[in-house]
Each structure stands twice: as structure tokens, then as C-alpha cells.
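> What follows is a single structure, and I will ask about it in a moment.
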Amino acid sequence: MSVFAVEWCGIEEDNWRSGPTLSPEKLKGKVVLVCRWDANHEQSIESLPHVEALWKEFRNRPFAVIGSYRTDDTRKKIIKIVLNNELTYSIYLNARLVDEPSTSDMPFYYLVSPYGEVIHQGSGFSEPEMGELKSAVSNALAVVSAPGSLCGDVKVTHFKKEAAKLVRGKNAEAAIARLKSFSSKKGPKAEEARAILDSVEHTRNAIKDEIRSNMKLRPGLALVRLETLVNTWPSEKEHCSKILNKLAESSDVEAAANLRRALIPEDGKKQKGGKNAAANAAMPFLRSKFPGVAREIAELLVASDHIACENVPDININFEIPIIIIGDGKFIEKTKNALSLIEKGSPDIYEMVTNYISVIRCGKTSGMEASRPLPTFRVGTTADSNLHWYASTIVHDANHSKLYNDHLNKFGGPVPSNIWTGREAENSCLSVQEEFLKAIHASNNKIEHVRKGRNVDYFSSKVKRTW
-5 MSVFAVEWCG IEEDNWRSGP TLSPEKLKGK VVLVCRWDAN HEQSIESLPH VEALWKEFRN
55 RPFAVIGSYR TDDTRKKIIK IVLNNELTYS IYLNARLVDE PSTSDMPFYY LVSPYGEVIH
115 QGSGFSEPEM GELKSAVSNA LAVVSAPGSL CGDVKVTHFK KEAAKLVRGK NAEAAIARLK
175 SFSSKKGPKA EEARAILDSV EHTRNAIKDE IRSNMKLRPG LALVRLETLV NTWPSEKEHC
235 SKILNKLAES SDVEAAANLR RALIPEDGKK QKGGKNAAAN AAMPFLRSKF PGVAREIAEL
295 LVASDHIACE NVPDININFE IPIIIIGDGK FIEKTKNALS LIEKGSPDIY EMVTNYISVI
355 RCGKTSGMEA SRPLPTFRVG TTADSNLHWY ASTIVHDANH SKLYNDHLNK FGGPVPSNIW
415 TGREAENSCL SVQEEFLKAI HASNNKIEHV RKGRNVDYFS SKVKRTW
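Numbering-wise (my numbering), the sequence shown opens with residue -5 and increments by one.
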């Protein structure tokens, strides 16, 4: 079964009610817990806090929860249940795996591996049953969570040393050879070896499929996947050289390679000529995408060398929506979900956000760099907060940028600091933030927290900023 062919239904915009928005694409490579419940069923309502506790424990891992209610109750009723139980995981109407287990129990739940296999199911929420579910989730994530692991959802017991070497982008052939030496034998150890080898082969074929499918439409991505294939399976080098000859015909490939070198220097060594040389190498590619501000983006990207995640072959920059996002895969996914929430919750506020923020990037602390040619929201630990709050901080800082840039466009520069910072400007941003939180039916605690913020002058007090 292909990891790219897990079939879901009901995960659509019209069925979304609360929490992070999902799609089959977003669920790829994740362990997914589907909890089926009924808004008119007492035991279903009692089960919700148990599911929330499990979600909070594992939400920073490649894990998703779908709270799928089966009756088409009014949105108002569902939102009331969500607020009363302070639920933060995804709530959808009748979202499920196409090949869902058949049962008359309510509520019931089942755990889905990244390959679409149901690996655990149940209907009870007693302490022992929740302990079993928690253990099943933990075991499923044990290997999946390893960056670029080739072991898939195989529970590794006997070959942990070999599994540690089975990582995308690193030579895996010695570990594969050792596993093969056990695979022809009998017993649990041999069965595990065969299961791991099957997962490794599945991943190799999936990478080859990606290369083939992106040869024409996204040759730069095909090149990155090709690099992963050769580094992981050096014996593929001769085969890959033929593909490389075909890719070389595309002008995008050299540009993409230059951009990659600019962002992720090989072995962490400084490139000859320094960062400016790296930025210049990426300029043709950047000019084609961002005429007029290519230099600004080049400098921004080269400065963001923290985006290179160990064992992850992709350049973690999202160019596909109105705002450029720079960070690791987890940060990009969280930010895309936050922007999606803003768009659904208030299209007018979303338009303001996309007009006044051009880049959202990781940082040690949070702040709005409104004076940049590409206004940039730098995000610190705020990105670790729940989705509602993170989305509201994007709205908040977009308004700071709006205050700055509206004044700049009308009167020219320099822009006085009190126009876009200070208590009056902060209160304006808090008002927009409160309006957005109300629009998405955020908890009263969050709304009240924003209201109280109007009485604190962060810019003149000695409050220590940690966000």
C-alpha cells in the first residue's frame, strides 16, 4: 500500500467546524486518530476531554486527531460543545477513512498508520483503555517521528541500531545488507527484518515515483529527490545519471541548485565568497519569481540558514501562497494552518494580513519588521502556542505593519515610531486581534487576555519579553 494513496473522505472545507484545517495532503506521513462521536450522545460528549488530553500530549509530533461527529447538527451547537470542552483538535462532520472499521459502537475510535492501515481501535475511554490507546499512539510514532526514517510504521525491536542508520539522505546500504542477512531465516527477528526491508523498498519506489512525476512540471524538486536517492542508495548512481542528463535540459534546475547551495552549504562549510556569493548564485531564480525585490529575498533567505533541518532533503520555504514562510517543516505547516484559519474566520482580515505581511519566518523572539521592503513577521516561541492564538498574533502584527506602511505611503518616510508602536498603536492592534478571536469562536480566556493587554504598556515598562 502506498503512503501517498491513503484514502480519506469528508475532509473538506464545508465539513470543517473547528481546530486545525486538514487535507489528505496534510495527513501524509502522519499517524491519525479518528474519533467518531455524536453531538446528541452523552457518552460521546464525555469522551471529548480524553481525546483532547491525548492530542495535547502528542500534537508536536507527526500526529493528527480528527474529531468526526456523525449527525449534521447546527454549527452553533457544535461550536458550543467545542468551547465548553476547550477542544483544540480538528472537528469535522463525518470525516473518516474510506475503509473505516465497521461497528455500531458510539463513540469509537481507530488509529491509522501513515500507510492507511488501522493499527488500533476501540470504544472505551476507561483508564486502562486510554492507556492502551496512548501506548498504541506512542509505538506508532516511535519510528515515524525519526527525521526521514525509512522504517515507516514498523515497530522496531530487534534492529534498533540498523534502524538508526536507515535515514533519507544517508547511505543506508550497509544496514540494508545486514537486514537481508536475517530476512531469509525464521522467527520474529527475521519477520521484523523483512518488514523493515519492505518499508525501505516502498520508500525507494515512492522517491522514484516523485522524481518521474516532477521531471517536467517541477524539475527543481525532482533534482532534490534525485540527490536523496543517490545519497541513500549509492548503487543507484548509474541509473540516476541518466535521469540527471534529462533534468539538465531544464533551466530551472541550475537555478534551484544555486538556491539550495545558498541556503544549505554542503557539510556546513562556508561557501567561497561568503554569503554574498551564495545570494548572487540564487539571484536568477529569485528574479524570475520576485522581480524588483530579489536581492531582499536573497539576503533574507541566506540569513535564515536555520531552515536546514538535519536529515530533511527539502529546502523549507513555501512559495505557494501569498506569504513566504521560512522555517522547518513543522513551522511551515503550523503557519499555513494559521493562515488558513484566518482566511476561513475572516476573509477581510485575511486580505489585510496578506497585504501587509510578505514573509513569516522563525526567529528567537517575535516581532514585526515593518520597514523591510518585504514586511517580515519574525516568530519566536509564539509558534508553539495553540493554533487560535498563533493565528491571532499574525493578525495583530499585520496591523502594526499596516499602521507603518499606510503612513509611509501617504506621507513618506521616515515613519515616527509612535505611529505604529507604543500604547495607542498597540491598542489598535489588540482591537483587531480581539475581533478575529471572536470571529473564530476562540475561548473566552483568550479574548479576555487580549482585553487585559490594553492596560499594559510593554514599550515603556520593564516587562521582560520572552515571546
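Built from N, CA and C at the ideal position, the CB exists for glycine as well.
1. Starting from the C-beta of residue 222, find all residues in its chain whose C-beta is less than 8 Å away, skip the five residues before and the five after it, and write them out in chain order.
2. Just to confirm before moving on: does the CB-CB distance between residue 113 and residue 89 stay below 8 Å?
3. Any chance the segment 399 to 406 sits against the segment 428 to 438, with 3 or more Cβ pairs inside 8 Å?
4. For residue 63 versus residue 93, is the C-beta spacing smaller than 8 Å?
5. Let me check one thing: in DSSP terms, what residues is residue 112 bridge-paired to?
6. For residue 189, count neighbouring Cβ atoms within 10 angstroms of its own Cβ and tell me buried if that reaches 16, exposed if not.
7. Quick one: what's got a C-beta closer than 8 Å to residue 5's C-beta in the same chain, skipping five residues either side?
8. Go through its chain and collect everything with a Cβ distance to residue 71's Cβ below 7 Å, but skip five positions before and after it.
9. Going along the chain, which residues of its own chain have a beta-carbon closer than 6 Å to the beta-carbon of residue 387, five neighbours each way excluded?
10. DSSP three-state call for residue 402: helix, strand or coil?
11. Below 8 Å between beta carbons: does that hold for residue 83 and residue 13?
12. So, using beta-carbon positions, are residue 389 and residue 320 closer together than 8 Å?
13. State buried or exposed for residue 80, treating a residue as buried only when at least 16 other CB atoms are found within 10 Å of its CB.
14. Tell me, to the nearest whole angstrom, how far the beta carbon of residue 28 is from that of residue 103; I am working on the premise that it is less than 8 Å.
15. What are the residues that DSSP puts in a beta bridge with residue 362?
16. Considering Cα atoms alone, identify which of 119, 409 and 54 is closest to residue 394.
17. For residue 143, which residues does DSSP report across the bridge?
18. Keeping to the same chain, check which residues put their C-beta closer than 7 Å to that of residue 173; ignore five residues upstream and five downstream.
19. In three-state terms, what does DSSP make of residue 33?
20. Between the alpha carbons of residue 374 and residue 345, how many angstroms are there, rounded?
21. For residue 151, I'd like the list of residues in its chain whose CB is within less than 7 Å of its CB, leaving aside the five on either flank, ordered along the chain.
22. Keeping to the same chain, check which residues put their C-beta closer than 8 Å to that of residue 234; ignore five residues upstream and five downstream.
23. Along the chain, which unbroken stretches of the alpha helix (DSSP H) at least 4 residues long are found entirely within the segment 36 to 63?
24. Among residues of its own chain, excluding the 5 on either side of residue 423, which ones have a beta-carbon nearer than 6 Å to its beta-carbon?
25. For residue 101, count the other beta carbons within 10 Å of its own beta carbon; 16 or more makes it buried, fewer makes it exposed. Which is it?
26. From the DSSP output, in three-state form, read off residue 188 for me.
27. By how many angstroms is the C-alpha of residue 198 removed from the C-alpha of residue 232?
28. Grab me the residues of residue 328's own chain with a C-beta within less than 8 Å of its C-beta, minus the 5 sequence neighbours each way, in chain order.
29. In whole angstroms, what separates the C-alpha of residue 148 from that of residue 111?
30. Between residue 363 and residue 379, what straight-line distance do the alpha-carbon atoms span, to the nearest angstrom?
31. Taking the straight line between their C-alpha atoms, what separation do you get for residue 260 and residue 340?
32. Which whole-angstrom value is the C-beta distance of residue 366 and residue 355, which I expect to be below 8 Å?
33. Taking all protein chains shown into account, do 16 or more other C-beta atoms lie within 10 angstroms of the C-beta of residue 30, making it buried, or fewer, making it exposed?
34. Rounded to a whole number of angstroms, what is the C-alpha to C-alpha distance between residue 158 and residue 99?
35. Buried or exposed for residue 65, going by 16 or more other Cβ atoms inside 10 Å?
36. DSSP state of residue 229, grouped into three classes?
To lay it out plainly:
1. The beta carbon of residue 222 sits closer than 8 Å to the beta carbons of 162, 163, 201 and 307 from its chain, once the five residues preceding and following it are set aside; these are given in chain order.
2. no
3. Short answer: they don't touch.
4. no
5. According to DSSP, which records beta bridges pairwise, residue 112 is partnered with 106.
6. buried
7. Taking residue 5 as the centre and dropping the five residues before and after it, the same chain places the C-beta of 16, 17, 18, 21, 60, 86 and 89 closer than 8 Å to its C-beta, in chain order.
8. The beta carbon of residue 71 lies closer than 7 Å to those of 33 in the same chain, with the five residues before and after it left out.
9. 376
10. helix
11. In this structure, the beta-carbon distance from residue 83 to residue 13 falls below 8 Å.
12. Cβ atoms of residue 389 and residue 320: not closer than 8 Å.
13. exposed
14. For residue 28 against residue 103, the beta-carbon gap comes to about 6 Å, under 8 Å, which counts as contact.
15. In the DSSP assignment, residue 362 is bridged to 371.
16. 409
17. Answer by DSSP bridge pairing, in chain order: 161.
18. 153, 156, 187, 190 and 191
19. coil
20. 24 Å
21. 186, listed in sequence order.
22. 220, 223 and 224
23. 36 to 52
24. 390, 393 and 394
25. Residue burial annotation: residue 101 is buried, with at least 16 other C-beta atoms found within 10 angstroms of its C-beta.
26. helix
27. 15 Å
28. 377, 381 and 384
29. 12 Å
30. 21 Å
31. Residue confidence is low: residue 260 scores 42 on pLDDT, short of 50, so the model does not pin down where it sits. Its coordinate-derived value is still stated next. If you take the alpha carbons of residue 260 and residue 340, they lie about 43 Å apart.
32. At roughly 11 Å, the Cβ-Cβ gap does not stay under 8 Å, so residue 366 and residue 355 are not in contact.
33. Answer is buried; the Cβ neighbour count reaches 16.
34. 40 Å
35. exposed
36. It is helical.
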